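Please read the structure below before turning to the comments.
Protein chains in written order, with the numbering used here: chain V, 812 to 1118; chain Y, 267 to 514.
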């Protein structure tokens, strides 16, 4: 067995997708490793859904290559290993929920049992007996999830899976996804809820204007994008303290706000050490780290202005 | 998965859905049977040979019914499944598109067979139409097999974006073809310009094969040629449209 950790499951190589003259996805490359949970994040029209559609073989790339398990996503052998929950919830008329699940199970070589699917998706026996078209929005979502996992796939796609779910349903959904990830399944999802990406993903791909604007762990993205700062109260000449701080390596900005001095820096430890070395009686020290939401807004806004 | 297992699974499910949704088949049967009753029992058409006319018009109505099922049911169902997102979802599963399509065609064939049987029985019950066993069998087979170009029209309708448009357009095509092809009234009773147009209609040749069989003749070469020509054109067109839609 070769290194089992670095096993690329999905790969995009220099992928571009044009709609007319507009580039929905522009020269995007990334690799998804086995067993990872990756969140694709980005504002509307950033190219997330187009990227997912190409990975699912629903759309063809204009340029570049999309590979799943080293092959074309349209390959039937590849499709036996993937499951997807699309944004559009689809049901078939004339069939009961149980019958639809069994139909889809029949398409795969090693499907999960109906009991396991019901347990994981939270579909009750009554819901399984219902006509699929008569189900409520939330129930249809559960069915959609049930169909995604029916074939016991290795790679799961969830396109905005929790839209329209209430808080408890959402929590249950992510608990189940975590369970699937623990079984070694690779998971790729898009979301508008940044908190979900932060909580669930071990990697975030931030899409903006058809390109990957940032790629890394939620922590790395936060560290890279959020402004860490140290703020404090000091009974000394503020002008002198400001000058002192500006000399400290790593400090990018110093300002006063509500009687507190603020120093923006990636390295708050060094800034604090400098203050103590100078023998300043600083008190009520706070270290702030911006939220991912702020980072997200900041990044997409900055780039928006740059264009 | 073996393809055979997939095919039986898909056909079984499609059949189950058809049986549970008798609405579609009802309309394909109600209008032709009503027409048959009116134009062979109520209205005096002044035909020389009443028995011949009753057999001829029975073939017209059987073709009319099957043509409607092929164009309307198939087309509208395909659009519905796409609008509901089901067709897209199918492309993510390991079910080959060809098996999905085969399942649809299988159910269509079962529906066509049902239409033919019911209308033939209606003809027998209403007018005591009597044909030889060979004529019943061959005319039924002709209608079943020669309906393929109309299934291709249904597939074309199926590439439309909205159910409303598909329903309107398919209705128009269906009734237009029926009238111009002489299914409602023989084209011999129409103005010469209509006759000239009618002779190039697929519906005229579809009915034409069955009319020949009940007259005791074989379907003409022109029936085969025109229907095959239309089939090729419709298939090319629908392949082109599908390629175009997929590229978007």
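Note that CB positions come from ideal geometry on N, CA and C, so glycine has one too. Since this is a predicted model, take the numbers as computed values, not measurements.
Residues that residue i contacts on chain V, provided the C-beta gap is smaller than 8 Å
| i | result |
| --- | --- |
| residue 351(Y) | 897, 899, 900 and 901 |
| residue 354(Y) | 869, 897, 899 and 901 |
| residue 272(Y) | 917 and 918 |
Min CB distance residue i to chain V below 8 Å
| i | result |
| --- | --- |
| residue 435(Y) | no |
| residue 269(Y) | no |
| residue 287(Y) | yes |
| residue 279(Y) | yes |
| residue 357(Y) | yes |
| residue 452(Y) | no |
| residue 340(Y) | no |
| residue 275(Y) | yes |
Cβ neighbour criterion (16 or more within 10 Å) applied to residue i
| i | result |
| --- | --- |
| residue 934(V) | buried |
| residue 506(Y) | exposed |
| residue 286(Y) | exposed |
| residue 1057(V) | exposed |
| residue 309(Y) | exposed |
| residue 993(V) | exposed |
| residue 431(Y) | exposed |
| residue 470(Y) | buried |
| residue 936(V) | exposed |
| residue 923(V) | buried |
| residue 510(Y) | exposed |
| residue 499(Y) | exposed |
| residue 347(Y) | buried |
| residue 1115(V) | With a pLDDT of 44 at residue 1115(V), under the threshold of 50, the modelled position of this residue cannot be trusted; read the value that follows with caution. Counting Cβ neighbours within 10 Å, residue 1115(V) comes out exposed, since fewer than 16 surround it. |
| residue 331(Y) | buried |
Test: residue i CB closer than 8 Å to a CB of chain Y
| i | result |
| --- | --- |
| residue 917(V) | yes |
| residue 965(V) | no |
| residue 952(V) | no |
| residue 824(V) | no |
| residue 878(V) | no |
| residue 914(V) | yes |
| residue 1115(V) | Note that residue 1115(V) scores 44 on pLDDT, short of 50, meaning its location in the model is unreliable; the coordinates nonetheless yield the value given after this. Chain Y, which has no Cβ nearer than 8 Å to the Cβ of residue 1115(V), makes this no. |
Listed by chain order, chain V residues near residue i by CB distance under 9 Å
| i | result |
| --- | --- |
| residue 283(Y) | 903, 904, 905 and 906 |
Partners in chain Y for residue i, counting only beta-carbon separations shorter than 9 Å
| i | result |
| --- | --- |
| residue 971(V) | Near residue 971(V) there are no residues of chain Y at all, since even the closest Cβ is about 14 Å away, more than 9 Å. |
Chain-ordered neighbours of residue i on chain Y, where CB pairs are closer than 8 Å
| i | result |
| --- | --- |
| residue 801(V) | Beyond the ends of chain V as shown, which are 812 and 1118, falls residue 801(V); an answer cannot be given. |
Partner residues on chain Y for residue i, Cβ-Cβ distance less than 7 Å
| i | result |
| --- | --- |
| residue 891(V) | 360 |
Beta carbons nearer than 8 Å to chain Y: which residues of the region 1056-1073 of chain V have them?
Residues are counted here when their Cβ sits less than 8 Å from a Cβ of chain Y; for the region 1056-1073 of chain V the count is zero.
contact_flag[the region 838-845 of chain V, the region 889-908 of chain V] where n(CB pairs < 8 Å) is 3 or more:
No, the region 838-845 of chain V is not in contact with the region 889-908 of chain V.
Are the region 391-398 of chain Y and the region 299-307 of chain Y in contact at 8 Å, needing three or more beta carbon pairs?
The region 391-398 of chain Y makes contact with the region 299-307 of chain Y, as at least three CB pairs between them are under 8 Å.
Pair every Cβ in the region 366-373 of chain Y with every Cβ in the region 316-335 of chain Y, then say whether three or more of these pairs are closer than 8 Å.
Flag = no, the region 366-373 of chain Y and the region 316-335 of chain Y do not touch.
Meets three-Cβ-pair contact criterion under 8 Å: the region 433-453 of chain Y and the region 324-342 of chain Y:
In this structure the region 433-453 of chain Y lies against the region 324-342 of chain Y, because at least three pairs of beta carbons, one per stretch, are closer than 8 Å.
According to a CB-to-CB cut-off of less than 7 Å, which residues of the region 363-393 of chain Y neighbour chain V?
Of all residues in the region 363-393 of chain Y, none has a Cβ within less than 7 Å of some Cβ in chain V.
Mind checking the region 393-416 of chain Y against chain V and listing, in chain order, the residues whose C-beta falls within less than 7 Å of any C-beta there?
Cβ contacts with chain V: none found.
Using 8 Å as the Cβ pair cut-off and three pairs as the minimum, do the region 874-894 of chain V and the region 944-951 of chain V touch?
The region 874-894 of chain V vs the region 944-951 of chain V: no contact.
Check whether the region 380-390 of chain Y touches the region 986-999 of chain V, counting contact only when three or more Cβ pairs, one atom from each stretch, lie closer than 8 Å.
Taking a cut-off of 8 Å for Cβ pairs, the region 380-390 of chain Y and the region 986-999 of chain V do not touch, as fewer than three such pairs fall below it.
Are there three or more Cβ pairs, one per stretch, closer than 8 Å when the region 1034-1042 of chain V is compared with the region 995-1007 of chain V?
Because the criterion of three Cβ pairs below 8 Å is not met, the region 1034-1042 of chain V and the region 995-1007 of chain V do not touch.
Report yes or no: do the region 373-380 of chain Y and the region 458-467 of chain Y share at least 3 C-beta pairs separated by less than 8 Å?
Cβ pair count under 8 Å is below three, so no.
Okay, do the region 859-870 of chain V and the region 961-979 of chain V touch, 3+ Cβ pairs below 8 Å being the bar?
Judged by Cβ distances under 8 Å, the region 859-870 of chain V makes contact with the region 961-979 of chain V, as three or more pairs qualify.
Pairing CB atoms from the region 345-354 of chain Y with CB atoms from the region 900-917 of chain V, are three or more of them under 8 Å?
Yes, the region 345-354 of chain Y touches the region 900-917 of chain V.
Can at least three beta-carbon pairs, one atom from the region 1042-1051 of chain V and one from the region 1087-1094 of chain V, be found at a separation below 8 Å?
Touching, yes.
Is it true that the region 267-287 of chain Y meets the region 1074-1082 of chain V, where meeting means three or more beta-carbon pairs spaced less than 8 Å apart?
Touching, no.
Do the region 1021-1029 of chain V and the region 1062-1071 of chain V make contact, defined as three or more Cβ pairs closer than 8 Å?
Output reads no: the region 1062-1071 of chain V does not touch the region 1021-1029 of chain V.
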